[in-house]
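Going by this note's numbering, 52 is the number at position 52 of the sequence shown; the sequence numbering is gapless. Taking it in order: structure first as structure tokens, then the write-up.
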Amino acid sequence: MRTKLKRLKMALGVAGMMLLPATASAEGKLVPEIDFLTWPAAKYQHYYETSAYLAEAWEKLGLRVKLNPQPFPSPMLGMWFTEHKFDVVMSVLSGSSARFEPDFYSSNQFVTENSKPGGMNVGSFSNAKVDALTEKQRALYDIGARREVIFELQEAIQAEQPEALVAYVINTTAYNKETVEIDGYQSTPEGLRSVWNLLKMKPLDGDNRILLGWTIDQDSWNPLTFKTLEDLDRLGLVYDRLLVVGPSGKPEMWAAESMEAIDSTTFEVTLRDDLVFNDGKPLTADDVKFTFDYLKENKAVYFHQYLENLEEVTFDGRKIRFRLGEPSAPFVSAALGQVPILPKHVWSNILEETGLEKPQDFRNIQIVGSGPYNLKYWKEGREIYFERNEKHFMKPQADLLMVQFGSAEVLTSALAKGDIDISLQPLVPTVIDEFRQFDQLELVQAQSNGYMSARYNIQSEVFANADLRKALAHAIPFEAIIEEVLGGDAAPTPSSIVPSNTFWTNPDLTIPEYDIEKARSILGNAGFTWDGEGRLHFPE
């Protein structure tokens with residue numbers, strides 16, 4: 001690890017500046033200072049450190065980089081996903097079983113239509129070939145044919161370098177095996193925070209609740225406005241979904257007892273007959289139809305892209321049909337497998353009952369849901385208490401009290417002292433070896449299918465230049481980051497569909513080598529020049 005002094009210099013954007021020899025002339029415009037949106041060091045040290053390593057490497061090419069750490073989730077999420085207020089952002093996309101569906105880490109991130117505020121194409125990347133391949137792969141249900149197109153799509157994305165890929169990680173969490181038992185742990189990208197594992201957690205100390213530590217509070221309980229996977233995961237504890245993607249990456253029945261593909265644009269599900277909201281009213285097919293229509297009509301931030309193609313929802317008894325405008329391979333996992341079923345009798349009257357101007361303003365902190373847990377209370381920034389729903393068909397074993405901590409370091413200290421039972425937050429890499437010495441702790445490793453990258457804003461003056469992006473592909477010190485920052489629990493990836501997603505990752509792609517001189521050569525050949533102070537200038 002670098003010294004504290006060097007970290008401070010990096011934070012000020014002045015460390016690592018290498019005075020490069022000037023070229024014969026540097027008459028093009030000076031490349032402006034890069035605004036690098038990143039995570040706060042106190043809570044997310046290894047994310048911040050990663051951005052610092054990148055900044056140092058880029059300054060060796062004559063760039064100036066200013067790290068801009070912002071509190072997460074607010075205002076960082078807004079600057080990242082809505083305002084696109086950055087030149088480059090330290091992107092960390094969480095792993096999820098639902099994200100084994102290859103569309104999320106490929107088309108979803110880079111198709112032009114997703115570049116509007118709130119969409120996942122936060123860098124406003126646009127490429128005709130990527131758009132065409134997206135349309136093609138989404139229409140294919142033959143898995144072999146679709147795989148070939150997904151491979152071609154990954155090649156097209158790599159050719160344009162819309163982001164600097166850093167690594168995909170192994171997240172290590174831990175629980176106190178003297179106070180908690182997990183009967184049949186399921187290996188998933190989410191690890192301990194997977195619903196399949198939370199349901200199986202059983203207290204051994206006579207208490208009916210389990211204390212879980214995390215640094216991420218809920219940003220929104222409103223299904224129309226939430227943006228993050230972490231928000232979706234917690235909403236999934238209090239609302240049922242028709243299907244839930246299982247540990248294998250395949251959808252499993254949940255509120256639906258069966259699903260059938262009628263044709264390439266029609267899916268039919270049959271609801272279970274034992275679904276009840278926590279206010280005593282039954283969950284019916286009418287609630288399902290209302291939910292999908294309501295989320296589409298109100299352009300739900302997280303789901304809008306998955307519902308745009310939904311033409312009609314009809315039902316007869318417990319049977320519900322979803323008719324799409326065009327074939328869509330991702331629809332089952334991304335929509336049926338993630339959308340929370342809302343009670344029509346609550347949400348259809350929300351504006352009249354509350355006097356609000358729009359449903360997006362409803363905080364929804366007294367949740368009427370049908371899921372395996374009820375939200376007993378939320379003390380913002382401190383605690384979230386989920387009370388088990390003993391009548392639910394999944395039969396949760398205990399109440400869950402999620403305790404929010406100001407930093408990962410404080411959280412891990414609380415786990416070591418026995419103040420909490422489980423850390424849902426990945427352990428800081430520097431303490432993992434130490435924690436292996438605690439007899440009462442069981443360490444759990446989860447291979448993520450998410451990844452870390454520096455995502456470029458293609459609308460910015462700096463990163464609109466494709467040659468600069470291609471040069472920076474060779475200025476990613478991934479080996480140093482993996483060993484010195486991530487403690488060796490990570491690996492480089494040539495694609496946003498990482499190697500742990502073995503079926504869908506393109507095995508023919510290679511990882512650009514870290515080679516500053518090669519990066520400099522690419523820049524020089526593209527017409528970039530350097531002035532007497534070593535600062536990089538655009539081509540004339």
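Note that the Cβ used here is the ideal one computed from N, Cα and C, for glycine as well. Quantities reported herein were computed from a predicted structural model and do not represent experimental measurements.
Beta-carbon proximity list for A57, same chain, < 6 Å, skipping 5 on both sides: For the purposes of this step, residue 57 is taken as residue 57 along the sequence shown, with counting starting at 1. Taken in chain order, the residues that qualify are A475, P477.
What's the gap between the Cα of S187 and the Cα of S413? Residue 187 sits at position 187 when you count from the first residue of the sequence shown. Residue 413 sits at position 413 when you count from the first residue of the sequence shown. For S187 and S413, the distance between alpha carbons rounds to 25 Å.
Rounded to a whole number of angstroms, what is the C-alpha to C-alpha distance between L192 and T173? Along the sequence shown, read from residue 1 onward, the residue named residue 192 stands at position 192. Along the sequence shown, read from residue 1 onward, the residue named residue 173 stands at position 173. Taking the straight line joining both Cα atoms gives about 7 Å.
Quick one, are the C-beta atoms of N171 and A416 less than 8 Å apart? As a first step, residue 171 is located in the sequence shown; it is residue number 171 there, counting from the start. As a first step, residue 416 is located in the sequence shown; it is residue number 416 there, counting from the start. Here N171 is not near A416, since their CB atoms are 8 Å or more apart.
Run through the stretch 233 to 301 for me and flag every whole alpha helix (DSSP H) of 4 or more residues, listed as ranges in chain order. Secondary structure in the stretch 233 to 301: the alpha helix (DSSP H) runs of 4 residues or longer, each lying completely within the stretch, are 285 to 297 in chain order.
Chain-order list of residues whose beta-carbon lies under 8 Å from that of E252 (same chain, five-residue window excluded): Start at 1 with the first residue of the sequence shown, and residue 252 comes out as number 252. Within the same chain, E252 has close Cβ partners L243, V244, V245, G246.
Within 10 Å of its beta-carbon, does Y377 have 16 or more other beta-carbons around it, so buried, or fewer, so exposed? The residue given as residue 377 occupies position 377 in the sequence shown. So Y377 ends up on the exposed side.
Below 8 Å, how does it come out for the stretch 201 to 217 and the stretch 281 to 295: are there three or more Cβ pairs, yes or no? The stretch 201 to 217 vs the stretch 281 to 295: no contact.
With distances taken between CB atoms, is the gap from K60 to I522 smaller than 8 Å? Here residue 60 corresponds to residue number 60 of the sequence shown, with the count starting at 1. Here residue 522 corresponds to residue number 522 of the sequence shown, with the count starting at 1. Taking 8 Å as the Cβ cut-off, K60 and I522 do not qualify as a contacting pair.
6 Å Cβ shell around P512 - same chain, five flanking residues per side excluded: The residue labelled residue 512 in the question sits at position 512 within the sequence shown. The answer, listed in chain order, is A473, H474.
According to DSSP, N68 sits in a beta bridge with which residue or residues? Against the sequence shown, residue 68 aligns to sequence position 68. Beta-bridge pairing links N68 to L37.
Alpha carbon of K289 to alpha carbon of L336, nearest angstrom: Here residue 289 corresponds to residue number 289 of the sequence shown, with the count starting at 1. Here residue 336 corresponds to residue number 336 of the sequence shown, with the count starting at 1. Looking at the two C-alpha atoms, the distance is approximately 12 Å.
Residues in the same chain with beta-carbon distance under 8 Å from L351, minus the five sequence neighbours each way, listed in chain order, please. Locating residue 351 in the sequence shown gives position 351, where the first residue counts as 1. Cβ neighbours of L351 beyond the five flanking positions: E357, K358, P359.
Determine the closest residue to F104 out of L424, L486, A329, with distance taken between C-alpha atoms. Residue numbering aside, residue 104 sits at position 104 when the sequence shown is read from its first letter. Ranking L424, L486, A329 by Cα distance to F104 puts A329 first.
Hey, quick one: how far does the beta strand (DSSP E) through Q404 stretch, first residue to last? The residue given as residue 404 occupies position 404 in the sequence shown. Membership of Q404 in the beta strand (DSSP E) is indicated by the continuous run 399 to 404.
Limits of the alpha helix (DSSP H) - the one that K85 falls within: Looking up residue 85 in the sequence shown gives position 85. First-last for K85: undefined, no H or E at that position.
Using only alpha-carbon positions, find the residue among A128, Y141, L401 that is nearest to P102. For the purposes of this step, residue 102 is taken as residue 102 along the sequence shown, with counting starting at 1. For the set A128, Y141, L401, the Cα lying nearest the Cα of P102 is the one of Y141.
Assuming V195 and G236 form a contact by the criterion Cβ under 8 Å, report the distance between their Cβ atoms to the nearest whole angstrom. Residue mapping note: residue 195 aligns to position 195 of the sequence shown, counting from 1. Residue mapping note: residue 236 aligns to position 236 of the sequence shown, counting from 1. Taking a contact as a CB-CB distance under 8 Å, the pair V195 and G236 counts as one, their CB atoms being some 6 Å apart.
Can you tell which of Y175, G95, Q45, T179 has its C-alpha closest to the C-alpha of G206? Counting from 1 along the sequence shown, the entry for residue 206 is found at position 206. For the set Y175, G95, Q45, T179, the Cα lying nearest the Cα of G206 is the one of T179.
Simplified DSSP assignment, three categories, for S569: Because the chain is modelled from 1 through 540, residue 569 falls outside the range shown and cannot be assessed.
When burial is assigned at 16 or more other CB atoms within 10 Å of the CB, is I367 buried or exposed? On the sequence shown, position 367 is the one that residue 367 refers to. Taking all protein chains in view, the Cβ of I367 is crowded by 16 or more other Cβ atoms within 10 Å, so the residue is classified as buried.
Cβ-Cβ distance between E380 and D399 below 8 Å: Along the sequence shown, read from residue 1 onward, the residue named residue 380 stands at position 380. Along the sequence shown, read from residue 1 onward, the residue named residue 399 stands at position 399. Cβ atoms of E380 and D399: not closer than 8 Å.
Anyone know if the C-beta pair for L424 and L133 falls short of 8 Å? Translated into positions along the sequence shown, residue 424 becomes position 424. Translated into positions along the sequence shown, residue 133 becomes position 133. The beta carbons of L424 and L133 sit no closer together than 8 Å.
Can you round the beta-carbon distance between S448 and Y168 to whole angstroms, since I take them to be within the 8 Å contact cut? For the purposes of this step, residue 448 is taken as residue 448 along the sequence shown, with counting starting at 1. For the purposes of this step, residue 168 is taken as residue 168 along the sequence shown, with counting starting at 1. Distance from S448 to Y168 at the Cβ level is roughly 6 Å; contact confirmed, criterion being Cβ atoms closer than 8 Å.
Is V485 helix, strand or coil by DSSP? As a first step, residue 485 must be located in the sequence shown, where it is residue number 485. Secondary structure of V485 (DSSP, three-state): helix.
Can you tell me whether T505 is helix, strand or coil according to DSSP? What you label residue 505 is simply residue 505 of the sequence shown in a count that begins at 1. Three-state DSSP puts T505 in coil, outside helix and strand.
Could you give the uninterrupted runs of the beta strand (DSSP E) lying entirely in the stretch 431 to 465, keeping only those of 3 residues or more? Runs of the beta strand (DSSP E) lying entirely within the stretch 431 to 465, each at least 3 residues long, are 441 to 447, 451 to 456 in chain order.
Does DSSP put E49 in a helix, a strand or coil? Residue mapping note: residue 49 aligns to position 49 of the sequence shown, counting from 1. For E49, the secondary structure class from DSSP, reduced to helix, strand or coil, is helix.
Please tell me whether Q218 and N506 are closer than 8 Å, where the distance is taken between their beta carbons. Here residue 218 refers to the residue found at position 218 of the sequence shown. Here residue 506 refers to the residue found at position 506 of the sequence shown. Going by C-beta atoms, Q218 is not nearer than 8 Å to N506.
Is it buried or exposed for T38, if we count other Cβ within 10 angstroms and need 16 for buried? Reading the sequence shown from its first residue, position 38 is the one you call residue 38. By the neighbour-count criterion, in which 16 or more other beta carbons inside 10 Å mark a residue as buried, T38 falls on the buried side.
Euclidean distance between Cα positions of G95 and G184: As a first step, residue 95 is located in the sequence shown; it is residue number 95 there, counting from the start. As a first step, residue 184 is located in the sequence shown; it is residue number 184 there, counting from the start. Cα to Cα, G95 sits roughly 21 Å from G184.
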